[in-house]
Every structure is written in C-alpha cells, then in structure tokens.
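Trainee:
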Amino acid sequence: MAAGHDWTTKTQDIAPLPSGDSAGIAVLLAAIGMIMIGYVPLSGMMTAVPHLLALRRFLPLLAGWAVVTSSVIWLILGPIVGAVDGHYLAFVGIGLLATGAVGIGQLLFARFLGGLALLPGMLLWVVFGVPSSNLARPVHAMPDFFGFLHNVLPLPAAGEALRSVLYFDGRGVGKHLLTLAIWMVATLTLALLMERRKGAALANTPESDNPDAPRPAMSGGPVRSKRLRYFAAAAFPLTILTVVVGMMSASLHQPQIRDMPVVVVGASQEQAEHATKGLQKGLGDLVSLTTSTSLDRATDQIRERDVVGVYVLPTAKGGEPKLYTSSAAGVGQHNALRAMFQQIAQSQKTQLGMTDIKPLNVSDSNGSNSMYAAMAWIMSGFVVMAALRGGAPEIKRLRQLLPMMAGWAVGMAVWLWVLFDVLIGAINGHGWAMVGFGALTIFSISLFTAVFTRTLGIAGVIPVLVIALMIGVPASGGAISLYMVPEFFRGLNDVLPLPAAVDVVRAAVYFDGAGAGGHLATIVGWGAVCLLLNVGIDRWLARRELKSDTDEDDGSSMTVAGEGTALALTGAGDTAEPSRRGRRRTARQRS
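Just add 1149 to the spot in the sequence shown (first one is 1) and you have our numbering.
So, in structure tokens, the structure goes:
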C-alpha cells in the first residue's frame, strides 16, 4: 500500500527489548521458573516430609518458598545474566501469586493421585502453558485452543503480568493478576474442603501426619534423618530451578550470529572465489563462505541442512543476484541471512531475488513446531521414569520396566501425533513417520533416564534434565539458530538426542526424510548404549540385594545362636520343653 501511494514508511519500536535480552526470552524463563517451582517440590515432600502438606503448615511454607524462589529467579535474570533491570518487588509479588496458585493446585493433584501427580501437573502447568503463553510465539498464530488457554492458565498470566510490568509500565497487568488470584482462591477453597472432609493425612502414605516416622529423603532411597529430609525437599527443586533458568538464560538471551554457512555460486570457479573474498571482507565472521558452480548441488545442501543459504552471482553485468534459503530449516537464520544480503544489494544498488525453497507451513509460521514436537517426545520419555521412581519404586528390574517403556513409547507417540495433527493442526500428516520416530525417541530417552533414576534415585532427574533439555535446547537450533548460540553448543548438535529429534521432525515434515538417517542413528545409539548400561545396572542391583539378604541371614543366625546360648546358660532348652508338656498332660489327665 505504501508503495502504491508513494508513501514513506517509518518504523518505531515504542517498547524495545533491553540490550541484555535481545532474544526476549527473560519473561518466558521467569514465568516457567515460577510455575515449575510451584509443582516440582510436591513429589519430594510426599516422600520425605508428608506431614508438612497439612494446610496449616503448607501455606506459610509455600508463601516463604515463593518469595525465596522469586528472588532467586530475579537474581539470575537480573544481576547475574543482565536480562532484567530492577523490578525486584514486582517479581516477588507476581511469583507469590503464581507459585502459590500452582503449589496449592498441585497439592490437590497429590491428594488424588499420590506420586503420579507429576504427570497431570507437568501437562497442565507447562506442556499446555508454554505454547499458550504468548511468550514463545504469538498466541494469535496458534490454534484457537491455545488462545482459550492463554486467558485461563497460570503460566500465561504470570508471563503477561511480568511483561506488562517490565516493558509497559504496568499497563494491562490487572487482568493477569486477577487470573492468578482466581486460581489461588479456587484451589485453596477446594483444598480446605477436601482436608475438612478427609483429614490432613495422605492416601497410601502411612503415618503421613507423623513428623518422626522413618522415611527416605527421596523416593526409593534409604531412611534418612529428619534434617536431611528437610534439606532434600528444598534442595532438589531449587537445583532444578537454578539449572533451568540459569542455563537457558545464559545460552539464549543474547544471540549473536557467527559462521553461518553460505555457498556462493558463480558461472565459473574464478568468479565465485573473487566474489567470496569481497563478501567475506564485508561480512566478517558472520558467515562462513564456500564456493560452487552448481546451483542444484548447492541447494541440495540446504535441503540436507548442511548450509543455511546459497548466494547466486549475476551472470551478466547489471544482472540480479539471487539468494536461496529455507525458512523450514530455521526461521531465525532464514531472516538473518536475507537481511544481510539485502543490505549488500542496497549498497550495490541492485535488486535481490529471494527464493524460499522449503517454506514453513501456514500452521507453523514461527518454525517452532518441530522443537515442540521433539521436546514432547523427550519429556514423555523422561517423565514416565521419574513418575515410576516416585510412585512405584518397587518396580526395579529391567524385565519389568522394558514392557512398560515400550508400551508407553508407542502410546504416547500416537497420542502426541493426534494432539499435534488432529487436535491442534500444528503438524499436517506424516502420521506413520511421527509415530515411529516418536516411539523410538521416547523409548531411548526412557532408557537414558532409567540409567540415572535406577542408580541415583529421584535425584537422577537433575542430570537427565540438564543433558536432555537444558543443554539440548540451545544445541538443537529449534528455538534459536545453531549459528546464533555460543560455540560450546554447536559441537553438541550431532551428539545429543534433542537436536537429533528436532531435525528428524523437520526432515519428516518438510524435507521428505532427507538428512534424517544420521539423526535417527544418534537416537538409536543413545538407546542401545543406555540399554547395555541398564543390563549392567540390573546385575549390580541383583548383587546388592543378594549381599543385603546374606547380611540379614547372618544377622538372624547370630540372633538365634545368641538366644540358644542364653537358654543353655539359664538351664532351659530342649530338655526343659518336655517337662512343661508333661505337666500340661498330667493336668489334663487329672481334670
């Protein structure tokens, strides 16, 4: 329209992001942290300190916990990372509402489901909360289902409240605070009614109201002292919070383009090399340039995700250069590369022809659906083992776990395809590929998680979370281009399971499977290695149980021997028994 009327368009950013958070991720991470720290502690508290879940004890602890953890989130995002400037009291106030509402809501789940409460909690608070938050991607570009959840769930409310305070001087914050307040009042009312009706004791938790009852610090572990149990109940979720908010913010808050691979195609090798020298001088370390004389071969490299773009030199003087990219391979790098070469074309006073050889689907305008699908697979494999360790620690043997893992993997892969395709419309078709690849990924991650949870107990969740998700997200190129994150993460792209899963989804949905083989091999490799490790863990557990049984038998033998010695010393024993029987027999005969 502006061009048709000979208008000049001027763009003004009335609420720019701070320089320390050019990716705009601080608010999302803060909201995730406030929600996560509300539901994660409940599983540990049910095992170690269930007496604290009575409302008269739980509510003041929850209030203090919300203040402390909101302060930790602000400390990480503010003074340490530099993504947030000031607004400490706003963080604490919003955190008090968000963490409080989710904490009481998760307490209700815990009373109904026990150790399995982690599953619906993660689904409601995070899995549905993040896509509907309007923080990861615009909610108006999402299906209507998420638009509805945006006005209902606590995570979107917490994120929008923080954004209103940080960037818009508090405008519009009231309705989001009201949403959080309604959640808190509703969950508190239900919790009060339930406790009044059924009491403070937890179902399937003996002596849950006795603070001195012997209990483990973590599910499946040995009995620990009360002091250690208190420490574990707080330290475990606090460690997860620090890892999630700290690692994600440090790696993603300031993306910087480095060494983006581009092929320069010329009519001859000499022309391509000559142009490359000039381009490299102007663009510096933003790009890594190679040369070619074949456009078909170069664009195939885009489809295989080996390069980001192809720059074709004009074949005649005054001709138009062309840039080939693929938004399906990563919308961030696609836009960044276009901006670079458009500036070059403007400086040369030429037009730049641009071709998107594999564009994104209409339902995936931000290019994040591949990452969401892959993360859903990873979380499905991770959460089932965490739930089994917390809710059914007696299931230890690999022969017991393998059928459960396999059934869960297939069932969840089918459900996630139905969710993403049929219900949400985020991934169109490709059902067999998504179910097959998803089941393989979920099964492999379950085996990986089992290695840690079977050896470290529920504390094994922390290294799994770090390796599979916290390092995996920046290394995947799903949230931000791989060429915009620190160098450390690039080397992990071909190693970790989440980057492999992201590229498998992209290959299946957009590139007809091109380039999927290597990433599937990565996932299979993780599964195979972890299966062997679990076999070894099975033998280790068997030896440990045998040793424990032997020690108990030795102790019983010593007890019996001691009792026999005492009987001998007192003159009692086998010789005394017939005399007692004889007296009873004589008494019966006399009667």
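The beta-carbon is built from N, C-alpha and C at its ideal position, and this holds for glycine as well.
Just so it is clear, the structure is predicted and the values come from calculations on it, not from any experiment.
Assuming serine 1398 and isoleucine 1174 form a contact by the criterion Cβ under 8 angstroms, report the distance between their Cβ atoms to the nearest whole angstrom.
Mentor: Walking along the sequence shown from the start, residue 1398 turns up at place 249. Walking along the sequence shown from the start, residue 1174 turns up at place 25. 7 angstroms between Cβ atoms; contact.
Trainee: Mind reading off the beta-carbon distance from methionine 1291 to glycine 1244? Whole number of angstroms is fine, and I expect it under 8 angstroms.
Mentor: As a first step, residue 1291 must be located in the sequence shown, where it is residue number 142. As a first step, residue 1244 must be located in the sequence shown, where it is residue number 95. Going by Cβ atoms, the distance from methionine 1291 to glycine 1244 rounds to 26 angstroms, so no, they are not a contact pair.
Trainee: Taking only three categories from DSSP, how would you classify valine 1372?
Mentor: Translated into positions along the sequence shown, residue 1372 becomes position 223. Strand, per DSSP.
Trainee: What residue range does the beta strand (DSSP E) around threonine 1440 cover?
Mentor: Translated into positions along the sequence shown, residue 1440 becomes position 291. Where threonine 1440 is concerned, the enclosing beta strand (DSSP E) stretches over 1436-1441.
Trainee: Considering just the uninterrupted stretch of the beta strand (DSSP E) at proline 1410, what are its terminal residues?
Mentor: By 1-based counting over the sequence shown, the position of residue 1410 is 261. Element bounds for proline 1410: 1409-1414.
Trainee: Would you identify the three-state DSSP class for aspartate 1505, choosing helix, strand or coil?
Mentor: For the purposes of this step, residue 1505 is taken as residue 356 along the sequence shown, with counting starting at 1. In the structure shown, aspartate 1505 sits in a strand (DSSP, three-state: E or B).
Trainee: Leaving out five residues before and five after arginine 1603 in sequence, what residues of the same chain have Cβ atoms less than 6 angstroms from its Cβ?
Mentor: By 1-based counting over the sequence shown, the position of residue 1603 is 454. Counting only Cβ-Cβ distances below 6 angstroms, and skipping sequence neighbours, we find Ile1686.
Trainee: Given a cut-off of 7 angstroms, decide if valine 1221 and glycine 1227 are closer than it, judged by their beta-carbon atoms.
Mentor: If you number the sequence shown from 1, residue 1227 lands on position 78. If you number the sequence shown from 1, residue 1221 lands on position 72. Not a contact, by the Cβ cut-off of 7 angstroms.
Trainee: Using only the alpha-carbon positions, how far apart do aspartate 1293 and threonine 1499 sit?
Mentor: For the purposes of this step, residue 1293 is identified with residue 144 of the sequence shown, where counting begins at 1. For the purposes of this step, residue 1499 is identified with residue 350 of the sequence shown, where counting begins at 1. In a straight line, the C-alpha of aspartate 1293 is about 43 angstroms away from that of threonine 1499.
Trainee: Give me the Cα-Cα distance between threonine 1442 and alanine 1266, rounded to the nearest whole angstrom.
Mentor: Here residue 1442 refers to the residue found at position 293 of the sequence shown. Here residue 1266 refers to the residue found at position 117 of the sequence shown. In a straight line, the C-alpha of threonine 1442 is about 59 angstroms away from that of alanine 1266.
Trainee: At the level of alpha carbons, what is the spacing between aspartate 1361 and lysine 1375?
Mentor: Stepping through the sequence shown from its first residue, residue 1361 is reached at position 212. Stepping through the sequence shown from its first residue, residue 1375 is reached at position 226. Cα to Cα, aspartate 1361 sits roughly 7 angstroms from lysine 1375.
Trainee: Taking the alpha-carbon positions, what's the methionine 1343 to valine 1275 distance?
Mentor: In the sequence shown, counting from the first residue as 1, residue 1343 sits at position 194. In the sequence shown, counting from the first residue as 1, residue 1275 sits at position 126. One C-alpha to the other measures close to 25 angstroms.
Trainee: Helix, strand or coil, according to DSSP, for valine 1457 in the structure here?
Mentor: In the sequence shown, counting from the first residue as 1, residue 1457 sits at position 308. Coil at valine 1457, not helix or strand.
Trainee: Could you check what DSSP says for leucine 1462 in three-state terms: helix, strand or coil?
Mentor: For the purposes of this step, residue 1462 is taken as residue 313 along the sequence shown, with counting starting at 1. Leucine 1462: coil per DSSP, three-state reduction.
Trainee: The beta strand (DSSP E) spanning lysine 1471 covers which residue range?
Mentor: Along the sequence shown, one-based indexing puts residue 1471 at 322. Counting along the chain, the unbroken beta strand (DSSP E) around lysine 1471 starts and ends at 1471-1474.
Trainee: Short check: CB of alanine 1421 to CB of tyrosine 1659, under 7 angstroms?
Mentor: Counted from its first residue, the sequence shown places residue 1421 at position 272. Counted from its first residue, the sequence shown places residue 1659 at position 510. Cβ distance not < 7 angstroms, so alanine 1421 and tyrosine 1659 don't count as in contact.
Trainee: Just confirm the distance between the C-beta atoms of threonine 1218 and leucine 1390, as a whole number of angstroms; I'd bet it's less than 8 angstroms.
Mentor: For the purposes of this step, residue 1218 is taken as residue 69 along the sequence shown, with counting starting at 1. For the purposes of this step, residue 1390 is taken as residue 241 along the sequence shown, with counting starting at 1. Right, the Cβ-Cβ distance comes to about 6 angstroms (below 8 angstroms), so this counts as a contact.
Trainee: Lysine 1696: buried (16+ other C-beta within 10 angstroms of its C-beta) or exposed?
Mentor: Within the sequence shown, the letter at position 547 stands for residue 1696. Exposed, since its Cβ has fewer than 16 Cβ neighbours within 10 Å.
Trainee: Considering only C-alpha positions, which residue in the set Trp1566, Gly1530, Ala1575 is nearest to glycine 1745?
Mentor: Outside the shown range of the chain (1150 to 1740) lies residue 1745, about which nothing can therefore be said.
Trainee: Mind checking which residues open and close the alpha helix (DSSP H) that includes tyrosine 1659?
Mentor: Within the sequence shown, the letter at position 510 stands for residue 1659. Counting along the chain, the alpha helix (DSSP H) containing tyrosine 1659 begins and ends at 1646-1659.
Trainee: Distance check for valine 1334 and methionine 1619, CA to CA, integer angstroms please.
Mentor: On the sequence shown, position 470 is the one that residue 1619 refers to. On the sequence shown, position 185 is the one that residue 1334 refers to. Approximately 33 angstroms between the Cα atoms of the pair.
Trainee: Label histidine 1289 either buried or exposed according to how many other C-beta atoms from any shown protein chain fall within 10 Å of its C-beta, with 16 as the threshold for buried.
Mentor: For the purposes of this step, residue 1289 is identified with residue 140 of the sequence shown, where counting begins at 1. Classification for histidine 1289: exposed.
Trainee: Starting from methionine 1291, trace the alpha helix (DSSP H) both ways and give me its first and last residue.
Mentor: Position 142 of the sequence shown, counting from 1, holds the residue named residue 1291. From DSSP, methionine 1291 is part of no alpha helix (DSSP H); its letter is neither H nor E.
Trainee: Tell me whether threonine 1160 is buried or exposed, calling it buried when 16 or more other Cβ atoms sit within 10 Å of its Cβ.
Mentor: Reading the sequence shown from its first residue, position 11 is the one you call residue 1160. Flag for threonine 1160 reads exposed.
Trainee: Mapping the DSSP letters down to three states, classify proline 1542 as helix, strand or coil.
Mentor: The sequence position of residue 1542 within the sequence shown is 393, counting from 1. Of the three classes helix, strand and coil, the one that applies to proline 1542 here is coil, per DSSP.
Trainee: May I ask you to verify whether the segment 1538-1545 touches the segment 1572-1583, counting CB pairs closer than 8 angstroms and requiring at least 3?
Mentor: no
Trainee: According to DSSP, is proline 1635 helix, strand or coil?
Mentor: As a first step, residue 1635 must be located in the sequence shown, where it is residue number 486. Coil.
Trainee: On the three-pair Cβ rule with 8 angstroms, is the segment 1407-1414 touching the segment 1446-1460?
Mentor: yes
Trainee: Between Met1194, Ala1488, Val1634, Val1654, which lies nearest to aspartate 1570 when the distance is taken from Cα to Cα?
Mentor: Within the sequence shown, numbered from 1, the residue matching residue 1570 stands at position 421. Minimum Cα distance to aspartate 1570 is reached at Val1654.
Trainee: May I ask you to list the residues that DSSP assigns as paired with proline 1365?
Mentor: Taking the sequence shown and counting its residues from 1, one reaches residue 1365 at position 216. DSSP lists Val1372 as partners of proline 1365.
Trainee: Give the DSSP-derived three-state secondary structure of proline 1165 in the structure shown.
Mentor: Here residue 1165 refers to the residue found at position 16 when the sequence shown is read from its first residue. Reduced to three states, the DSSP call for proline 1165 is coil.
Trainee: Mapping DSSP to helix, strand and coil, what is aspartate 1513?
Mentor: Position 364 of the sequence shown, counted from the first residue, corresponds to residue 1513. In this structure, aspartate 1513 counts as helix in the three-state DSSP scheme.
Trainee: What residues in its chain sit with their C-beta under 7 angstroms from that of valine 1322, if we drop five residues either side in the sequence?
Mentor: Along the sequence shown, read from residue 1 onward, the residue named residue 1322 stands at position 173. Closer than 7 angstroms at Cβ, skipping near neighbours: Ala1310, Ser1313, Val1314.
Trainee: CB glycine 1308 to CB alanine 1180, shorter than 7 angstroms?
Mentor: Against the sequence shown, residue 1308 aligns to sequence position 159. Against the sequence shown, residue 1180 aligns to sequence position 31. A contact, by the Cβ cut-off of 7 angstroms.
Trainee: Can you grab the Cα-Cα spacing for the pair valine 1393 / lysine 1466, in whole Å?
Mentor: Position 244 of the sequence shown, counting from 1, holds the residue named residue 1393. Position 317 of the sequence shown, counting from 1, holds the residue named residue 1466. C-alpha separation (whole angstroms): 54 angstroms.
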